[in-house]
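The structure appears right after this line, and notes come after that.
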Amino acid sequence: MFKISAEPIHLEALGRALHDVAAGACATFEGRVRIKNDGRTVQSLEYEAFAPLAEKEGARILEEAAARFGILKAVCVHRTGRLALGDLAVWVGVTSEHRGAAFDACRYIIDQTKLRVPIWKREHYADGTTVWVGVAGTPPV
Amino acid sequence: MFKISAEPIHLEALGRALHDVAAGACATFEGRVRIKNDGRTVQSLEYEAFAPLAEKEGARILEEAAARFGILKAVCVHRTGRLALGDLAVWVGVTSEHRGAAFDACRYIIDQTKLRVPIWKREHYADGTTVWVGVAGTPPV
Amino acid sequence: MKTIRVQYFALLREERGLAEETVATAAATAAELYDELRVRHGFTLPRERLRAAVNEEFAPWTAGLKEGDALVFLPPVAGG
Amino acid sequence: MKTIRVQYFALLREERGLAEETVATAAATAAELYDELRVRHGFTLPRERLRAAVNEEFAPWTAGLKEGDALVFLPPVAGG
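The listed protein sequences correspond, in order, to chains A, B, C and D. Anchor point for the first sequence: position 1 equals 0 in numbering that gives the first Met the number 0, and the numbering is continuous, going up by one each time. Anchor point for the second sequence: position 1 equals 0 in numbering that gives the first Met the number 0, and the numbering is continuous, going up by one each time. Anchor point for the third sequence: position 43 equals 42 in numbering that gives the first Met the number 0, and the numbering is continuous, going up by one each time. Anchor point for the fourth sequence: position 44 equals 43 in numbering that gives the first Met the number 0, and the numbering is continuous, going up by one each time.
Encoded structure:
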């Protein structure tokens, strides 16, 4: 399941959805809003997504991970909206029999999500400026 | 912090201990009791540890991970005692600025823990037999 | 002339000043439509930095447009 | 003769039938002590499959033993 969520991500329910008596391993990844990016002090973030295509492309990434690594279950949830420092922006969880597949698939999913899924991030800095990340020369608003 | 725990592991408190506004990434690993091992059906597990040395060696592993990968914080907790199917046996959590270091350190910590930390596992099978894992030819009890 | 629904996200949404519009266009392809709208609205991103999506699926820039298609021009992504 | 405290874990604990004992021994090293106890208690694991710990720290088999040392013979580990 790959989901775009405008609401805060609830880790407990997601963790339960992954449980499986066949699973010996669960690897997870949390991406959070950190205070520094490229040397600038971040105050908050905004994420925006083209949700229908993001969820389709995300589902394809999860299928690819299942086919490549032979995992049991995989979930990825990505936030949209305004996030404060420390807030959870993206969560990936993967269960598998053995740990190698869980780690490899978890990393594949977050790497591909960042590359391919139509989600955009605006960083707001302590100095009052703001940038759409990945878009050089974004004018301040 | 590397801890041997005779009590169930509480993920929420451990997650909170890792939080850090400098952290953009948190990679975690959960090792759980799975129903199949080497083709045999598992009913329960017992873990036993030489706790003082396990915690010392575990702390060394965490220091090595910090030195190699430049992470922010790392925690590992390993259960002892009797565990049922699906129970959490070991949890590793690592925070870092960027995701590569968090994944690499998390994997290093669980790999080295399994190799070096004095913890032993007895598997109890559905057919009534039982084995100390890693010790060929363990007699049944 | 065809009627095309266009959605804007991120920088394009801000530069356009709205999230969605319906345009009447003679553009035959996704590429032609972006080039037309870029001139009209002064979008700063060159087409080479975008991808196109037609009817909620990625599409090549050469994709032909039909009456009623839903177009999205995707700025460089930055999830996570 | 020295007095040595020995703790047993896992298979060794089961084979010995107790978790801890104090032994009086003439063994000069950790290796000699294991070999002596293996004969006495019929431990099935050869020394090559174990590691030694003296006073809660890993130690080479050649480590000399002092009065009051705490010894542990560590079976092959299997955490996780």
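C-beta: ideal position from N, C-alpha, C; glycine also.
(request) Can you give me the start and stop residues for the beta strand (DSSP E) that VAL76(A) sits inside? (result) 72-78
(request) Could you tell me which residues DSSP pairs with TRP90(A) in its beta bridges? (result) GLU29(A) and VAL76(A)
(message) Assuming contact is defined by CB atoms lying nearer than 8 Å, are MET0(D) and ALA23(D) in contact in what I supplied?
(response) yes
(message) Once the 5 residues before and after PHE39(A) are set aside, which same chain residues still bring their CB inside 6 Å of it?
(response) The sequence given here has Arg at residue 39(A), not Phe. Closer than 6 Å at Cβ, skipping near neighbours: TYR124.
(message) Is PHE102(B) close to chain D? Criterion is C-beta to C-beta, closer than 8 Å.
(response) no
(request) Can you tell me which of the three DSSP states ILE3(C) falls into? (result) strand
(message) Residues in the same chain with beta-carbon distance under 7 Å from ARG31(B), minus the five sequence neighbours each way, listed in chain order, please.
(response) GLY85, ASP86, LEU87 and ALA88
(request) Using beta-carbon positions only, say whether LYS113(A) and ALA21(B) come within less than 8 Å of one another. (result) no
(request) Check whether the stretch 3-17 of chain C touches the stretch 39-50 of chain C, taking contact to mean three or more Cβ pairs, one atom from each stretch, closer than 8 Å. (result) yes
(request) Anything in chain D within Cβ reach of HIS77(B), meaning under 9 Å, just list it in chain order. (result) GLY78 and GLY79
(request) State the DSSP-derived secondary structure class of VAL130(B), mapped to helix, strand or coil. (result) strand
(request) Can you tell me which of the three DSSP states GLY32(D) falls into? (result) It is Leu, not Gly, that sits at residue 32(D) in the sequence shown. Residue state, collapsed to three classes: helix.
(message) I'd like to know whether the C-beta of TRP90(A) is nearer than 8 Å to at least one C-beta of chain C.
(response) no
(message) How far does the alpha helix (DSSP H) with PHE8(D) in it extend, from its first residue to its last?
(response) Careful: PHE8(D) lies outside any alpha helix (DSSP H) and carries neither H nor E.
(message) If we define contact as Cβ-Cβ less than 8 Å, is THR128(A) a contact residue for chain B?
(response) no
(request) Under 7 Å Cβ to Cβ from LYS2(A), same chain only, skipping five residues before and after it: list those, please. (result) GLU54 and VAL76
(message) Checking 8 Å against the spacing of the C-beta atoms, do VAL76(D) and ILE118(B) come in under that value?
(response) yes
(message) Taking the beta carbon of TYR7(C) as the centre, do at least 16 other beta carbons fall within 10 Å, making it buried, or is it exposed?
(response) buried
(message) Rounded to the nearest angstrom, what separates PRO139(B) and THR94(B) at their Cα positions?
(response) Note on PRO139(B): pLDDT 46, under 50, position unreliable in the model; the coordinate value appears next. Cα-Cα distance, rounded: 42 Å.
(request) Would you check if the distance between the CB atom of GLY67(D) and the CB atom of ALA27(D) is smaller than 8 Å? (result) no
(request) Would you kindly work out how many angstroms separate the C-alpha atoms of GLY127(A) and ASP37(A), rounded to a whole number? (result) 16 Å
(request) Can you say whether GLU29(B) is buried or exposed, counting buried as having 16 or more other CB atoms within 10 angstroms of its CB? (result) buried
(request) Provide the residue span of the beta strand (DSSP E) that contains GLU55(D), from first to last. (result) Looking at the DSSP string, GLU55(D) is not in any beta strand (DSSP E), and its letter there is neither H nor E.
(request) Using 10 angstroms around the beta-carbon of ALA100(B), count the other beta-carbons present and answer buried if the total reaches 16, otherwise exposed. (result) buried
(request) Please confirm if PHE72(C) has its CB atom under 8 Å from at least one CB of chain A. (result) no
(request) Could you pull the start and end residues of the alpha helix (DSSP H) that ALA66(B) belongs to? (result) 50-68
(message) Which residue wins for smallest C-alpha separation from ARG121(B), given the options GLY69(B), ALA24(B) and VAL41(B)?
(response) VAL41(B)
(request) Kindly indicate which three-state DSSP category LYS113(A) falls into: helix, strand or coil? (result) helix
(request) Could you check if GLU47(B) is buried or exposed, using at least 16 other CB atoms within 10 Å of its CB as the buried criterion? (result) buried
(message) Please classify ALA9(D) as buried or exposed, where buried requires at least 16 neighbouring CB atoms within 10 angstroms.
(response) buried
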